[in-house]
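Numbering (mature numbering (1 follows the signal peptide of the UniProt record, and there is no 0)), first residue to last: -20 to -1, 1 to 1155.
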């Protein structure tokens, strides 16, 4: 008997009650049937199970004894591998139906794959199945043998009778257009395989599109069935491809067919991202259907068998019909372009995707992007009404910026890049989605979710007849309704209370519903039903049709309706919170409890659906907080209420002291009211300060720079309430104080201190002097004048202070040490190296002056007393302490560099200890003339010349003294050795020292050139009339070379000429470098008048005299040797000299006497004789 399970989508409206909006039957359910479709390689099948709640699921194949129960985590995914024994390899009956059940609703996808051959499908639950189907496949061409188009049907109940009309001949002999009947038990599969013909390595088979599969009555009622279509391996090169062309890469196809009753009338197609084009197939069950493509009618004659129409496209297309149709989208073989040529340069392989009509949408989808087999890129196409784009989310994140409007449609689309794994799509407006992915010669694709029209027992929320639910909640009112595609003659209801079927009173005018142009009728079986106990309730309905059909006179409908308890809401909230500060609110969840939604009522000010939140109340007083929560079973709790008090913030304020000067501590005082202040946070706005903040109640702060600062105070109460205030604090500059100390001695009348103080703002200053004179009266020791004046009576050290005060009250004090010097200075100095002063070098004078107390304040020098007006003054002479360590020196260079004779000068020194206290000292010095040297340029030399004496340097004044040389390769007398110095440029220094020690030096460079290298080679020996190659070599920079004499040489400018002398001779190789350096080498050539011809040899292999060798015979380039045995037979001949080894044709000749004839130079030379071969 058919069983209907209704899937719901729950949307929350929490005012007086709780509701759930839903429509039809989606791909979410608790009971699924499918099969392991034929794959060219068997491959591997896996089912993916996901859910938005924690549940368990069982995958089983009873015939194989296979059963696996898995735990499915909320928003997670579990993959279950299917045994390959379930593979539907043959046509006909199979007992290996795959059954999937779950405790709570799940979503199932199936995937069949092997290496680079993969296909996937969305799996529909039993409640979404129907009774009438058409198989949708494609033109069956493949790059493999025995590839077929196929479909199979799975029975979900016992005693299921199915009529199958294939559109093409099948492998086991079924004929196209002939109807066949099969009877199936629950879980049995009937597999249909189209015929195929192998063509070389390729194949061509029938396209089973249009095959009809219908459940028919076996006992008065028809039963639901599941149908799947596909191909074991198919190539899709382009729209009009046919063999014997190259079919291209191939993939298997695998899709669950939608029942005809769920087909739609409007479709929007979106290209698959990063593919060159797609192919689409439009299928119509009713031949009279009028179909348009982008608003243009498609002629009925263009439909193959008046059933399907194919077209290729690269863009967005809109397909509409006045009667239900189905649309399939196909990806093509990798690298194929629309004209069937190669060059698309894309990834992927053929895939078939059954699209959903835009009138059948979902608001939430959980789906899986699989990485098997070697999928590299994953995408999701979405079609949605334009008003829903802003609320659409992918994995909880808005992707509205990736949508594009479809002109003149009211719809928008997106092509989203995603990663491998589970994804959730959601929106406030219904949408359709397709999941797909590509790899090298690999692809998958399927509708990410489906929402199909459903008939049967539909629980709805009371008063909301469009809000269909799958499960219920305790204390919520529901209407148990029945939705039928016809007006029932009568209805019987069994509520599962043991009393069996009872007739339901039928209304005169049941509610009429029109969906997709079709009429349906809704009957309320039980109104306003409130469940008091959480458990599963079972309902059965028998509805009598207006007239009997192939499925009998009545339909039976079943519903198992689970009712769950309400959860209990509780939450954490503070008792008090500050106005404007966030109140932290979070739910308290019991261990093991899973909540899926939350609704907060915040004092009637706002409703929020966040799990936890921080809310700011903008007014003080007692506030009401309420929370209702939703369990994973879809039930909402009653509101839990708590109260909190919103208290005011503190009124923060502070003050600062009246006088605010830079570099002085400024005191601040907290003046905050309202609340108990427990924390203070000061920010002085002084970013360069290391103590810019403070947590004291009444802190002080020193500002380094005068300017206006923003000082901020934040105060915090014992309840955590905080407030802050910022004020401008102007910090004034302090005066810049300075004054000059006079240099005085005890004899000077008055010390005058020059004031150099100023105010940064140029305002007037007031002054206070303290002269530090303990010997003076208090009145005499102080002054308020601008410049300080005071008479001291004792030579001593004093501390003088000046305080300057601005109009803003900012004061600065400066103290300096001041010395009243003694009245008796003593001038003295010495001269360094006094007996050897040279005219071109500075004379160094040492200051040896002293004073009875205090400091020498000034030194004056007259370095040539014959010019008394030329004075050098030092206002900062050495201090007393410096004089104790080392005297200060004064270098002075006299303008007598060209002095020819000694010159005596008088030097005068004056030492001061004050203005009027001075002492003088005078000495005579003698300057001796310094030498002047001339060092002429030295010519460059070659490295191989003998050492020579340098004569280019001399002293020009004729002074007495000694001159010396120094540098690479030279001794002090000037003997220069190029070989020791080496190749390169060498600076040579000549120094002349006079008998008085005055010296002068000059430098001149000598460049030493590299001598070229030459080798004439080893001596040679030739025979008269012969020739030999000389083995000359030469190296160096840009060298030239030649041989001499040129007699009997082939080329005297070649390093390896051929020599043919007629008598003994010596050849000289001359090599000349670019700088003219020369190297010569000789080679001797010995000329023999006759060859030395041995008369015996012993070729016995002992390494001694094993060959008949004639010295120097190789000097004859055209020499011929012939050897004969005693019978006159020729046993050896050589036209170019080669020593004979006593063999003929690699065989040893016998001992004995042999005869030779040697000729050379065109027979001008001829030698003959005998030789003895001894072994």
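Every residue gets a Cβ at the ideal spot worked out from N, C-alpha and C, and that includes glycine.
Residue from the options whose Cα sits closest to the Cα of residue i
| i | options | result |
| --- | --- | --- |
| residue 152 | 1019, 168, 142 and 174 | 174 |
| residue 1060 | 1052, 67 and 1067 | 1052 |
| residue 548 | 809, 750, 608 and 719 | 608 |
| residue 827 | 857, 219, 833 and 238 | 857 |
| residue 728 | 259, 264, 949 and 892 | 892 |
| residue 722 | 801, 349 and 160 | 801 |
| residue 555 | 789, 622 and 411 | 622 |
| residue 747 | 731, 768, 757 and 967 | 768 |
| residue 150 | 602, 712 and 186 | 186 |
| residue 1180 | 718, 945 and 455 | No answer is possible for residue 1180: the residues shown for the chain start at -20 and end at 1155. |
| residue 576 | 613, 568, 553 and 541 | 613 |
| residue 798 | 764, 840, 765 and 732 | 732 |
| residue 269 | 75, 666, 289 and 1090 | 289 |
| residue 751 | 1075, 836, 794 and 239 | 794 |
Pairwise C-alpha distance: residue j and residue i
| i | j | result |
| --- | --- | --- |
| residue 97 | residue 18 | 12 Å |
| residue 1050 | residue 1058 | 7 Å |
| residue 1104 | residue 1136 | 6 Å |
| residue 853 | residue 812 | 20 Å |
| residue 4 | residue 431 | Reliability of the predicted coordinates at residue 4 is poor, the pLDDT of 45 falling under 50, and the value obtained from them is presented with this limitation in mind. Straight-line Cα distance between these residues: approximately 6 Å. |
| residue 620 | residue 584 | 14 Å |
| residue 781 | residue 724 | 18 Å |
| residue 440 | residue 301 | 31 Å |
| residue 1153 | residue 1079 | 8 Å |
| residue 128 | residue 15 | 17 Å |
| residue 954 | residue 881 | 29 Å |
| residue 167 | residue 346 | 27 Å |
| residue 842 | residue 759 | 45 Å |
| residue 279 | residue 574 | 56 Å |
| residue 53 | residue 159 | 45 Å |
| residue 565 | residue 602 | 16 Å |
| residue 105 | residue 47 | 19 Å |
| residue 1146 | residue 1044 | 22 Å |
Sequence-distant residues of its chain with Cβ nearer than 6 Å to residue i (five each side left out)
| i | result |
| --- | --- |
| residue 491 | 502 |
| residue 588 | 580 |
| residue 26 | 59, 61 and 91 |
| residue 1159 | Coverage of the chain is limited to positions -20 through 1155, which leaves residue 1159 absent and any answer about it impossible. |
| residue 485 | none |
Cutoff 7 Å; reference residue i; Cβ partners in own chain excluding five residues on either side
| i | result |
| --- | --- |
| residue 654 | 628, 630 and 631 |
| residue 679 | 648 and 662 |
| residue -7 | Residue confidence is low: residue -7 scores 29 on pLDDT, short of 50, so the model does not pin down where it sits. No coordinate-derived value is stated. |
Beta bridge counterpart(s) of residue i as assigned by DSSP
| i | result |
| --- | --- |
| residue 728 | The partner list for residue 728 (beta bridge, DSSP) is empty, contrary to what the question assumes. |
| residue 854 | 839 |
| residue 347 | 403 |
| residue 256 | BP columns for residue 256 are empty, so no partner. |
Beta-carbon spacing of residue i, residue j below 8 Å
| i | j | result |
| --- | --- | --- |
| residue 10 | residue 38 | no |
| residue 1140 | residue 1098 | yes |
| residue 292 | residue 219 | yes |
| residue 1003 | residue 1071 | yes |
| residue 224 | residue 215 | no |
| residue 1155 | residue 1131 | yes |
| residue 416 | residue 359 | yes |
| residue 1046 | residue 1023 | no |
| residue 247 | residue 335 | yes |
Same chain only: Cβ atoms within 8 Å of residue i, ignoring 5 sequence neighbours per side
| i | result |
| --- | --- |
| residue 124 | 20, 181, 182, 183, 213 and 230 |
| residue 962 | 923, 948, 949 and 988 |
| residue 869 | 812, 824, 825, 826 and 827 |
Residue i: CB within 7 Å of a non-hydrogen atom of the ligand PLP
| i | result |
| --- | --- |
| residue 157 | This structure simply doesn't include the ligand PLP, nor any ligand for that matter. |
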